[in-house]
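Engineer: Residue numbers (my numbering), protein chains in the order written: chain V, 308 to 643; chain G, 308 to 643; chain D, 1300 to 1511; chain C, 1300 to 1511. Okay, here's the structure, questions in a sec.
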Amino acid sequence: MQRIINDPDRVVPEMVDGFVAAHPDIVKREGHERVVVRKDAPVAGKVGIVTGGGSGHKPAFVGYVGRNLVDAVAVGEIFSSPTAAAFAEAMRAADGGKGIACLYGNYAGDKMNVKMAAEDLEDDGIEVKTVIANDDVPSAPKDEREKRRGVAGEVLMWKVGGAKAALGGSLDEVIAAAQKAIDNTRSIGIGLSPCTIPSVGKPNFSIEPGKMEFGIGHHGEPGIKVMDLVSADEMAAMSLETILPDLPFNKGDEVVVLVSGLGATPIMELYIFYRKVHEILTGEKGMSVYRPYVGEYFTSLEMMGITLTVMKVDEELKQLIDLDCYSMGLRQEKLR
Amino acid sequence: MQRIINDPDRVVPEMVDGFVAAHPDIVKREGHERVVVRKDAPVAGKVGIVTGGGSGHKPAFVGYVGRNLVDAVAVGEIFSSPTAAAFAEAMRAADGGKGIACLYGNYAGDKMNVKMAAEDLEDDGIEVKTVIANDDVPSAPKDEREKRRGVAGEVLMWKVGGAKAALGGSLDEVIAAAQKAIDNTRSIGIGLSPCTIPSVGKPNFSIEPGKMEFGIGHHGEPGIKVMDLVSADEMAAMSLETILPDLPFNKGDEVVVLVSGLGATPIMELYIFYRKVHEILTGEKGMSVYRPYVGEYFTSLEMMGITLTVMKVDEELKQLIDLDCYSMGLRQEKLR
Amino acid sequence: MSESFANAAGGGIVAELAATMRENRDYLSEIDGAIGDGDHGINMVKGFDMAAERVEDGASFDEAFRTLGRTLVMEIGGSMGPLYGQFFRAMARQAKGVEQVDAPTFASMLEAAYEAIRELGDAKVGDKTLVDTLDPAIAAFKEATGTGAGFAEALDRMTEAAERGKDSTKDLVAKVGRSSRLGERSKGVLDAGATSCWLILRTTAEFVKRQL
Amino acid sequence: MSESFANAAGGGIVAELAATMRENRDYLSEIDGAIGDGDHGINMVKGFDMAAERVEDGASFDEAFRTLGRTLVMEIGGSMGPLYGQFFRAMARQAKGVEQVDAPTFASMLEAAYEAIRELGDAKVGDKTLVDTLDPAIAAFKEATGTGAGFAEALDRMTEAAERGKDSTKDLVAKVGRSSRLGERSKGVLDAGATSCWLILRTTAEFVKRQL
Ligand SMILES: Nc1ncnc2c1ncn2[C@@H]1O[C@H](COP(=O)(O)OP(=O)(O)O)[C@@H](O)[C@H]1O
Ligand SMILES: Nc1ncnc2c1ncn2[C@@H]1O[C@H](COP(=O)(O)OP(=O)(O)O)[C@@H](O)[C@H]1O
Ligand SMILES: [Mg+2]
Ligand SMILES: [Mg+2]
Ligand SMILES: [Mg+2]
Ligand SMILES: [Mg+2]
């Protein structure tokens, strides 16, 4: 395993140490060693935005702690849910008196741990509401949307929820905005190589050279099919053909697009892929791209691959997407 | 080759297309198809900051075009210098009437092409001065510093030069600041895997599993030695032991630290490495970290590996490093 | 041999469970490694050892289980933390306030534990999880007591059924959890959670029998 | 056979050079692939073809070289663009205004080209670059004319020396350019630039001889 680590069982705490040392202007560690908190949290009178999940998806999750984004994150082991205690501490650290919006992904462990953490907080009289991201189209048919995984669309959910909270939204308003964001969002991933969890030491699945897994999940969950590697343009077209009819997105829609590498993909290739996505959306599909994001937003250790996320926006979502924000993984000024 | 491309010979123009489509708020393309220009360039009355180099190092070079950073970039083929024409066009596009500071790396092709471009501009009465980054310690002994390559320290050179120009510095002042930045900067890289130029189709060198190349260059240039893979902490310690005595950095110094992945390194590992760098610098070395940067700042396609850059700062450099900026690869608000 | 044991004297159970996990750590991780991520032994030992340290001297059977459950929920994370955590918390709840734990109490503890797992994890028999151990084990215990067997005898029936249930997972295709991503390729090896569940039930049965 | 040719009639040179590059494209890339990045043939064909298209009908020898030089400098990039670009620009400069190109003029063209390459690229004989072809080729041309050989004869001597120079690169260790990163491992194959330089000199010699 060609990696830059010390003890494979200590990658997560050491990563958190390094992260907190590197971003003293944005985050602090508080209460629990697996909880990373926005430096000025709790913000009194603001709904607290909390998330969390397994590690190995940098910038997710800790990279989205920051101004107008997430207030506190519970950090799990690699690809493994954080503890209920970590979620509970994150919620407590984010509590500014207006309740907690816990915006996270649809994974069994996370659901169980969030549920128990929320019960804990509610025992203390702090209201917790949740939105569970399920933007990954390939992971279940449309009529079983509740089974779909949450993937890179979570970034847009945090952006929207974080902005709504920052603008003074009530807990119900924040939850409604985040829910609307994820309901309007569809994603898909393509994997070209596996990744290796350091404590395991061997790749978590295998892809033959010349093949790709279309519809792969963020932990290597199997996709729609393993097929011959195609060109970037074909990948873009196939991905759009899979996700656009699912919402459905229609001619005239304004969309936010997020393209993320899975970890090892050279950044230039993300732009080659985005080029075709942009061309198809604004060309034959007759849509307009309100704001594109291209970069490493939600990765899977050193997996080679790419994900595409499209969100349909209305006036409210546009306003929330446009709000400035400042975290390690997402820094933005007003576009317009 | 497991990659997301179309025609291997068209990765660069397609990347530029995608980049310009994805960042309409920051850049435009002007005059020459291999030139990327800051959206509001030329800025009248400001020294124009220009750079350029081979592609495959994203965010470098186009990712540093933006406010208070670089005004125009000449884009080369993968790992190959841009043409003199592209450099010349970039210079022309950046010309706000106060001259051009071309801040680039010490590579034979770039030097030749910049030289010819500068002669071209000077024929038109536009003054061009250059700073050639040579921060890579392993590439030549200290008494042959002029032979050393420019690596991730170029990011700090652009940050400083860009800020000086934005604050109204004259061409000589901008050149002096950028030169001071690079003179105060030392870097080193460690490679754990090779990378593949798409048009070549095979890895550009080889590293056996369990080995690493200490002191590797950004294109796979050989380093100080090939050795057994060591822990992240040891990598950090070895890297510091190599670069700190070279300036030398001393007890009490304030430094900016930049840790960059080479492309395929999971971001969490950059933080594990930074953790130890921070500990050693602020502990046994008795220095203080004025500002750390950890992320993908200067990569080598999908190479697995890491680079460490340390810059000693004085009051002027601190002020320039602190100035806000906004590009794809570097977005920053004032820390203090 | 009596038909019940004193709740107050049962606090040693967690130390014994922790010892079992330590003995089987590598084995459990190896099974998990074949179709999961290879950390089940590590996860279990980490949680049970932590809990064993926290169980106070002289703790009762239900208090020990409560400490174990809380520790797993709060400190282990992943899926196993909450699942086994709620499992032991539910058992503790049924035994709370009971002076003598008899077969009906034990049956209600098992049922509550099963209910907690089902509520949280939503796995069914045949999904290749610990439910494939738990479901037949509980059925066997109740069947035995229903047909006149004593507490000890019923515990033996439970352990045997648990082992058969565990073995049955070998030929199953994983439907939930991490190994479900392998589809058909998940066949041919035991499920790690089903194996640890069998070890938990067997160790508990042995412990209880020694208290009777 | 005469001892000079009309500059005005020499514009066909670039088309011939481009044809040579096309014929040898794969060969040059293959050599470059062994110790470089495998694009030398592609780079050369791209630049020479582009230039051949731009050379106007009826262009002179020096005008054709000027167009070639400018195209390489401006459009090819890397190291070869400026190096061969300045090479041909320098040749053009020496022939400019000359009506009949004779051996002394040709010698000064070669010397100016060499000087341009040296100034820009800083490579020395033995560094495994095109300089290893160019240096002995020029020496042989001047040696031949100095000892009374005619223009055509001197061109043959030049081509032979260029070939020997090119062949000498096989046993050299690369000191500059991309393949220098291989150190000792760069031995055993020809240098791509040295090979293309030999092709350029040979093609030019053949062209000039036909004009005499
Ligand atoms: N929803 C569920 N219900 C019941 N058991 C489950 C469920 N999900 C997973 N499991 C059990 O968890 C075991 C894996 O545990 P472990 O390796 O500790 O966790 P992880 O999969 O997070 O690494 C599986 O063998 C399976 O028996
Ligand atoms: N500084 C230099 N001086 C002379 N020739 C050089 C120099 N650097 C490189 N070369 C020549 O360039 C050739 C490689 O050309 P090419 O493959 O087109 O460029 P690149 O190395 O950028 O891919 C080498 O074989 C060598 O002969
Ligand atoms: Mg696990
Ligand atoms: Mg596991
Ligand atoms: Mg090249
Ligand atoms: Mg080459």
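Ideal placement from N, C-alpha and C gives every residue a C-beta, glycine not left out. In this text, all values refer to a predicted model and were calculated from it rather than measured experimentally.
Given a cut-off of 8 Å on the beta-carbon distance, is the pair L1409/D and F1387/D in contact?
Structural biologist: Sequence index remark: in the third sequence, residue 1409/D carries index 110 (1-based). Sequence index remark: in the third sequence, residue 1387/D carries index 88 (1-based). Taking 8 Å as the Cβ cut-off, L1409/D and F1387/D do not qualify as a contacting pair.
Engineer: Could you tell me whether any Cβ in chain V is nearer than 8 Å to the Cβ of E576/G?
Structural biologist: Translated into positions along the second sequence, residue 576/G becomes position 269. True, the Cβ-Cβ gap to chain V drops below 8 Å.
Engineer: 8 Å is my cut-off, CB to CB: does P389/V come that close to chain G?
Structural biologist: Within the first sequence, numbered from 1, the residue matching residue 389/V stands at position 82. No, P389/V lies away from the interface with chain G (no Cβ there is under 8 Å from its Cβ).
Engineer: Counting only C-beta atoms, is R643/V closer than 8 Å to chain D at any point?
Structural biologist: Start at 1 with the first residue of the first sequence, and residue 643/V comes out as number 336. Low confidence applies to R643/V: its pLDDT is 44, below 50, so where it sits in the model is not reliable, and the reading given next is rough at best. With 8 Å as the cut-off, R643/V does not count as an interface residue toward chain D.
Engineer: Residues around ligand 5, please: the ones whose beta-carbon is closer than 5 Å to some heavy atom of it, in chain order.
Structural biologist: Every residue passing the under-5 Å Cβ criterion appears here: S387/G, D1336/C, D1338/C.
Engineer: Shorter than 8 Å from the beta carbon of N420/V to some beta carbon of chain D?
Structural biologist: For the purposes of this step, residue 420/V is identified with residue 113 of the first sequence, where counting begins at 1. True, the Cβ-Cβ gap to chain D drops below 8 Å.
Engineer: Please report the straight-line C-alpha distance between G1487/C and K365/V, rounded to a whole angstrom.
Structural biologist: As a position in the fourth sequence, residue 1487/C is number 188, starting the count at 1. As a position in the first sequence, residue 365/V is number 58, starting the count at 1. If you take the alpha carbons of G1487/C and K365/V, they lie about 45 Å apart.
Engineer: Does DSSP classify R336/G as helix, strand or coil?
Structural biologist: In the second sequence, counting from the first residue as 1, residue 336/G sits at position 29. R336/G: strand per DSSP, three-state reduction.
Engineer: Run through chain G and tell me which residues come within less than 9 Å of G570/V, C-beta to C-beta.
Structural biologist: Along the first sequence, one-based indexing puts residue 570/V at 263. The answer, in chain order, is A571, T572, P573, I574.
Engineer: Under a CB-based cut-off of 8 Å, is E1414/C close to chain G?
Structural biologist: Taking the fourth sequence and counting its residues from 1, the one referred to as residue 1414/C is at position 115. No, because no Cβ of chain G sits closer than 8 Å to the Cβ of E1414/C.
Engineer: Report yes or no: is there a C-beta of chain V within less than 8 Å of the C-beta of I1334/D?
Structural biologist: Here the question's residue 1334/D lines up with position 35 in the third sequence. I1334/D does not count as touching chain V.
Engineer: Any Cβ of chain G within less than 8 Å of the Cβ of I523/V?
Structural biologist: Counted from its first residue, the first sequence places residue 523/V at position 216. So no, I523/V is outside the interface.
Engineer: Enumerated in chain order, which unbroken segments of the beta strand (DSSP E) with a length of 3 residues or greater are wholly contained in the region 480-506 of chain V?
Structural biologist: The qualifying runs are 492-498.
Engineer: Using the DSSP secondary-structure output, state which residues sit across from C409/G in a beta bridge.
Structural biologist: Position 102 of the second sequence, counted from the first residue, corresponds to residue 409/G. Paired residues: V357/G, T437/G.
Engineer: Hey, is R1477/C close to ligand 6, as in C-beta under 7 Å from one of its heavy atoms?
Structural biologist: On the fourth sequence, position 178 is the one that residue 1477/C refers to. Yes, the beta carbon of R1477/C sits closer than 7 Å to at least one heavy atom of ligand 6.
Engineer: Any beta carbon of chain C sitting closer than 8 Å to that of G468/G?
Structural biologist: The count along the second sequence starts at 1 and reaches residue 468/G at position 161. By this cut-off, G468/G is not an interface position.
Engineer: Any beta carbon from chain B within less than 8 Å of M1373/C's own beta carbon?
Structural biologist: In the structure shown, chain B cannot be found, because the protein chains are V, G, D and C.
Engineer: What are the start and end residues of the alpha helix (DSSP H) that includes I1330/D?
Structural biologist: Position 31 of the third sequence, counted from the first residue, corresponds to residue 1330/D. Where I1330/D is concerned, the enclosing alpha helix (DSSP H) stretches over 1324-1334.
Engineer: Would you check if the region 453-470 of chain G and the region 405-422 of chain G touch, i.e. whether three or more CB-CB distances between them fall below 8 Å?
Structural biologist: Yes, the region 405-422 of chain G is in contact with the region 453-470 of chain G.
Engineer: Mind checking whether V537/V and V617/V have CB atoms under 8 Å apart?
Structural biologist: Residue 537/V sits at position 230 when you count from the first residue of the first sequence. Residue 617/V sits at position 310 when you count from the first residue of the first sequence. No, these two residues do not count as a Cβ contact at 8 Å.
Engineer: What's the C-alpha gap between A488/G and P516/G?
Structural biologist: Here residue 488/G corresponds to residue number 181 of the second sequence, with the count starting at 1. Here residue 516/G corresponds to residue number 209 of the second sequence, with the count starting at 1. One C-alpha to the other measures close to 37 Å.
Engineer: Name the residue from I1312/D, G1346/D, A1451/D, V1507/D whose alpha carbon lies nearest to the alpha carbon of M1373/D.
Structural biologist: In the third sequence, residue 1373/D corresponds to position 74, counting from 1. Comparing Cα-Cα distances from M1373/D to each of I1312/D, G1346/D, A1451/D, V1507/D, the minimum goes to G1346/D.
Engineer: Let me know if T1503/C comes out buried or exposed under the rule of 16 or more other beta-carbons within 10 Å of its beta-carbon.
Structural biologist: Sequence index remark: in the fourth sequence, residue 1503/C carries index 204 (1-based). When all chains shown are included, T1503/C counts as buried.
Engineer: Out of M1390/D, V1397/D, D1426/D, which one is the CA nearest neighbour of E1414/D?
Structural biologist: For this step, residue 1414/D is matched to residue 115 along the third sequence. Per the Cα distances, M1390/D.
Engineer: Does DSSP put V1344/D in a helix, a strand or coil?
Structural biologist: Taking the first residue of the third sequence as position 1, residue 1344/D is located at position 45. V1344/D: helix per DSSP, three-state reduction.
Engineer: Is DSSP giving R643/G helix, strand or coil here?
Structural biologist: As a position in the second sequence, residue 643/G is number 336, starting the count at 1. For R643/G, the predicted model reports a pLDDT of 44, less than 50, meaning its position is unreliable and no value from the coordinates is stated.
Engineer: Measuring only from the beta carbon, is L1481/C closer than 7 Å to any heavy atom that is part of ligand 2?
Structural biologist: Residue mapping note: residue 1481/C aligns to position 182 of the fourth sequence, counting from 1. No.
Engineer: Going by C-alpha distance, which of Y1383/D, R1509/D, T1432/D, G1311/D is nearest A1461/D?
Structural biologist: What you label residue 1461/D is simply residue 162 of the third sequence in a count that begins at 1. It is T1432/D whose Cα lies nearest to the Cα of A1461/D.
Engineer: Would K532/G be called buried (16 or more neighbouring beta carbons within 10 Å of its own) or exposed?
Structural biologist: Taking the first residue of the second sequence as position 1, residue 532/G is located at position 225. Classification for K532/G: exposed.
Engineer: Rounded to whole angstroms, what is the Cα-Cα separation between D445/G and M308/G?
Structural biologist: Your numbering for residue 445/G matches position 138 in the second sequence. Your numbering for residue 308/G matches position 1 in the second sequence. Looking at the sequence itself, residue 445/G is Pro, so the reference to Asp does not match. One C-alpha to the other measures close to 30 Å.
Engineer: Do I311/V and A539/G count as a contact pair if the criterion is CB distance below 8 Å?
Structural biologist: One-based indexing of the second sequence puts residue 539/G at position 232. One-based indexing of the first sequence puts residue 311/V at position 4. Result yes, Cβ atoms of A539/G and I311/V sit closer than 8 Å.
Engineer: Return yes when at least one heavy atom of ligand 2 lies under 7 Å from the C-beta of A415/G, else no.
Structural biologist: Counting from 1 along the second sequence, the entry for residue 415/G is found at position 108. At least one heavy atom of ligand 2 is nearer than 7 Å to the Cβ of A415/G, so yes.
Engineer: Around the Cβ of S1301/C, are there at least 16 other Cβ atoms within 10 angstroms (buried) or fewer (exposed)?
Structural biologist: In the fourth sequence, counting from the first residue as 1, residue 1301/C sits at position 2. So S1301/C counts as exposed.
Engineer: Quick one: is R582/G buried, meaning 16 or more other Cβ sit within 10 Å of its Cβ, or exposed?
Structural biologist: For the purposes of this step, residue 582/G is identified with residue 275 of the second sequence, where counting begins at 1. With 16 or more Cβ atoms within 10 Å of its Cβ, R582/G is classed as buried.
Engineer: Between the Cα of I574/G and those of A425/V, A351/V, I385/V, E337/V, spot the shortest distance and give me the residue it belongs to.
Structural biologist: Along the second sequence, read from residue 1 onward, the residue named residue 574/G stands at position 267. The candidate whose alpha carbon is nearest that of I574/G is I385/V.
Engineer: DSSP on V323/G, reduced to helix/strand/coil?
Structural biologist: Taking the second sequence and counting its residues from 1, the one referred to as residue 323/G is at position 16. Here V323/G sits in helix by DSSP.
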